[in-house]
Amino acid sequence: MTAAARTIVPVALPVALDERSYDIHIGPGLIGDAGALITAAVPGRPLVVLTDSSVAELHLSSLLDSLRAAGARVAEPIVVPAGEASKDMERLGTVLDALLARGIERRTVLVALGGGVVGDLGGFAAAIALRGIDFIQVPTTLLSQVDSSVGGKTGINSRHGKNLIGAFHQPRLVLADTDSLKTLPRREMLAGYAEVVKYGLIDRPDFFTWLEMHGPALVAGDDALLTEAIRVSCAAKADIVGKDEKEAGLRELLNLGHTFGHALEAEAGYGTALLHGESVAIGMVMAFDLSVRMGLCPAGDLDRVKAHLSAVGLPVSAAHLGGGTWTAEKLVSHMARDKKVKDGRVTFILARGIGKSFRCADVHLADVTSVMAGHL
Ligand code: NAD
Ligand code: MG
Numbered sequence: 006m007t008a009a010a011r012t013i014v015p016v017a018l019p020v021a022l023d024e025r026s027y028d029i030h031i032g033p034g035l036i037g038d039a040g041a042l043i044t045a046a047v048p049g050r051p052l053v054v055l056t057d058s059s060v061a062e063l064h065l066s067s068l069l070d071s072l073r074a075a076g077a078r079v080a081e082p083i084v085v086p087a088g089e090a091s092k093d094m095e096r097l098g099t100v101l102d103a104l105l106a107r108g109i110e111r112r113t114v115l116v117a118l119g120g121g122v123v124g125d126l127g128g129f130a131a132a133i134a135l136r137g138i139d140f141i142q143v144p145t146t147l148l149s150q151v152d153s154s155v156g157g158k159t160g161i162n163s164r165h166g167k168n169l170i171g172a173f174h175q176p177r178l179v180l181a182d183t184d185s186l187k188t189l190p191r192r193e194m195l196a197g198y199a200e201v202v203k204y205g206l207i208d209r210p211d212f213f214t215w216l217e218m219h220g221p222a223l224v225a226g227d228d229a230l231l232t233e234a235i236r237v238s239c240a241a242k243a244d245i246v247g248k249d250e251k252e253a254g255l256r257e258l259l260n261l262g263h264t265f266g267h268a269l270e271a272e273a274g275y276g277t278a279l280l281h282g283e284s285v286a287i288g289m290v291m292a293f294d295l296s297v298r299m300g301l302c303p304a305g306d307l308d309r310v311k312a313h314l315s316a317v318g319l320p321v322s323a324a325h326l327g328g329g330t331w332t333a334e335k336l337v338s339h340m341a342r343d344k345k346v347k348d349g350r351v352t353f354i355l356a357r358g359i360g361k362s363f364r365c366a367d368v369h370l371a372d373v374t375s376v377m378a379g380h381l
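With my numbering applied, the sequence shown covers 6 to 381.
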């Protein structure tokens, strides 16, 4: 840790959900302090760390050193290959087998060190191993720090689609170490940042204004700015999820930009051509564009959204994708598959302005098509 980072004190955000509440610690140096924090949260409990091959190279030894220095009993770590492909049934099977081979008990706590893949896979393995053991998340991507650390969703993919198999399982503790982001590729950092911007656009206009001011320094790795942005993002998500834990309606606001985004991802083929956060950035621009065209949102707000995403280096149009072969009709057909179309109308998250998102059940598919065509 740098001397400058030392002066930034990590913050703790309590998340009260279900009958169970937990703390998200946010700031620099938390992996180094993990031993003290984890043994305080789950005293005397045996631990198993799950991570992926890339994160293992970068951050596993500091975590293990810290846990052992605090006197924790730590089993041999379980390492899965890095990447989305690890979120499948076969890998889940090997993780469960590895846990049982380590002689886990109901008291054992699984510590998931890595991005959303390790968090989702590890959380789900913890939810079902021995009918449920506790788990702790140490998210190491900006996306997992601002998104998957809150809400309790865990799971894996199926050949029928993403995240179709899983469980709600809340972590006992989350340690979001901003230092771990120093090794994160810039493109992954920006992809996570798109979800940060999303919280501002949903219902925190002042946060969006703050991001317009600080976004470029934040994505360059400024610890104080990252700590604040992660804190506000987790609080924003916790607020929405807390009012709607099992997805009755309000939680849909978190899908701002995601319906358009999923169509782009489906066409690009889930992989590295288009990261999830990049598709969300383009999708949020499309959602604001649609809102402007429907006369709901001032055009100036669409301009601000575009200008800010571009300023940090996120894509705001899909024109660079698909080599000119993509058509709006094809993209809309991906949406029709997971959206109920009623009399040519679909439900979308739209905005009356920055920080004024709402669910609109009355969107004409023809308008959606023409907005998409404008960004290809
Ligand atoms: P990821 O876990 O695949 O991480 C992205 C890449 O970065 C991987 O190659 C990983 O090895 C690498 N990496 C991770 N931390 C690093 C670090 N500190 N330094 C260098 N490299 C590092 O992907 P992600 O973007 O973190 O998460 C995406 C997954 O999260 C998806 O599967 C998505 O479905 C899931 N997700 C879940 C929730 C939820 O609520 N449970 C919410 C959002 C996303
Ligand atoms: Mg998302």
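For each residue, glycine too, the CB sits at the ideal point set by N, CA and C.
For clarity, every value in this text was computed on a predicted model and none was experimentally measured.
With hydrogens ignored, establish whether the beta-carbon of His313 is closer than 8 Å to any heavy atom of the ligand ATP. Absence of the ligand ATP from the depicted structure is noted, with the ligand NAD and the ligand MG being the only ligands included.
May I ask which residues mark the beginning and end of the alpha helix (DSSP H) holding Thr99? It spans Met94 to Ala106 - the alpha helix (DSSP H) in which Thr99 sits, taken as one unbroken run.
Return yes when the Cβ of Leu195 is within less than 9 Å of the Cβ of Leu261, no when it is not. Not a contact, by the Cβ cut-off of 9 Å.
Give the C-beta separation of Asp28 and Leu18 to the nearest angstrom, bearing in mind that I take them to be a contact with Cβ-Cβ under 8 Å. 7 Å
Quick check: does the Cβ of Arg89 come within less than 8 Å of any heavy atom belonging to the ligand NAD? The sequence given here has Glu at residue 89, not Arg. Correct: Glu89 has its Cβ closer than 8 Å to the ligand NAD.
So if DSSP puts Arg25 in a beta bridge, which residue, or which two residues, is it bridged to? Leu22
Ends of the alpha helix (DSSP H) at Val179? Taken as a continuous stretch (DSSP letters only), Val179 belongs to no alpha helix (DSSP H), being part of the beta strand (DSSP E) at Leu178 to Asp182.
Please identify the residue among Ile354, Gly358 and Cys239 whose C-alpha is closest to the C-alpha of Ala366. Ile354
With a 10 Å radius around its C-beta and 16 neighbouring C-beta atoms as the bar for buried, classify Val376 as buried or exposed. buried
Whose C-beta lies closer than 8 Å to the C-beta of Lys203 among residues of the same chain, with five residues either side of it excluded? Leu259, Leu261, Gly262, Val285 and Met289
Under 8 Å Cβ to Cβ from Ala134, same chain only, skipping five residues before and after it: list those, please. Leu101, Leu104, Leu105, Ile109 and Leu115
Tell me where the alpha helix (DSSP H) around Thr113 begins and ends. Taken as a continuous stretch (DSSP letters only), Thr113 belongs to no alpha helix (DSSP H), as it is neither H nor E.
Closer than 8 Å: Gly127 CB and nearest the ligand NAD heavy atom: no
Whole-angstrom Cβ separation of Ser296 and Ala356, contact assumed at under 8 Å? 5 Å
Three or more C-beta pairs closer than 8 Å, one from the stretch 144 to 157 and one from the stretch 225 to 243: is that the case here? yes
Given 8 Å as the limit, tell me if Gly282 has its C-beta closer than that to any heavy atom belonging to the ligand MG. yes
Tell me which same chain residues have a C-beta within less than 7 Å of the C-beta of Leu223, skipping the five on either side of it? Leu230, Leu231 and Ala234
Ordered list of beta strand (DSSP E) runs contained in the stretch 323 to 369, each at least 3 residues: Runs found: 350 to 356 and 362 to 369.
Along the chain, where does the beta strand (DSSP E) containing Val53 start, and where does it finish? Leu52 to Asp57
CA-to-CA distance, Ile161 to Glu95, given in whole angstroms: If I take the Cα positions, the gap works out to 10 Å.
Looking only at its own chain, which residues have a Cβ that is under 8 Å from the Cβ of Met6, when we skip the five neighbours before and after it? For Met6, the pLDDT reaches just 48, beneath the cut-off of 50, and the residue's location in the model is therefore unreliable, although a value from the coordinates is still provided. Around Met6: Pro33, Gly34, Gly37 and Asp184.
Collapsed DSSP secondary structure at His380 in the structure displayed: Here DSSP, grouped into helix, strand and coil, assigns His380 to coil.
Tell me the DSSP secondary structure of Val84 in three-state form. In the three-state DSSP reduction, Val84 falls in the strand class (E or B).
Please go through the same chain and pick out, in chain order, the residues whose beta-carbon is closer than 6 Å to the beta-carbon of Val179, but skip the five residues on each side of it. Listed in chain order, the non-local C-beta contacts of Val179 below 6 Å within the same chain comprise Ile29, Gln142 and Ser154, local neighbours out to five positions each way being set aside.
Which residue marks the beginning of the beta strand (DSSP E) containing Thr159, and which one marks its end? Lys158 to Ser163
Would the beta-carbon of Leu72 fall within 9 Å of that of Leu52? yes
Classify Pro303 as helix, strand or coil using the three-state DSSP reduction. Coil.
At what residue ranges does the stretch 260 to 321 contain a whole run of the alpha helix (DSSP H), taking only runs of 4 or more? 263 to 273, 281 to 298 and 304 to 317
Within 8 Å, do at least three Cβ pairs link the stretch 266 to 274 to the stretch 321 to 329? By the C-beta criterion, the stretch 321 to 329 is judged to be in contact with the stretch 266 to 274, since at least 3 inter-stretch pairs fall below 8 Å.
Test item: CB-CB of Leu269 and Ile287 under 9 Å: yes
Looking only at C-alpha atoms, which of Thr214, Glu193 and Phe212 sits nearest to Ala225? Ala225 has its Cα closest to that of Glu193, out of Thr214, Glu193 and Phe212.
What is the C-beta distance between Ala323 and His380, in whole angstroms, given that I count them as a contact (C-beta under 8 Å)? 5 Å
With hydrogens ignored, establish whether the beta-carbon of Ala196 is closer than 8 Å to any heavy atom of the ligand NAD. True, at least one ligand heavy atom lies under 8 Å from that Cβ.
Check Leu169 in the structure and name its three-state DSSP category. strand
Could you check which residue in Lys361, Gly254 and Ala292 has the C-alpha nearest to that of Thr264? Ala292
Where DSSP assigns a beta bridge to Val246, which residues make up the other side? DSSP, once it has assigned bridges, lists no residue as partnering Val246.
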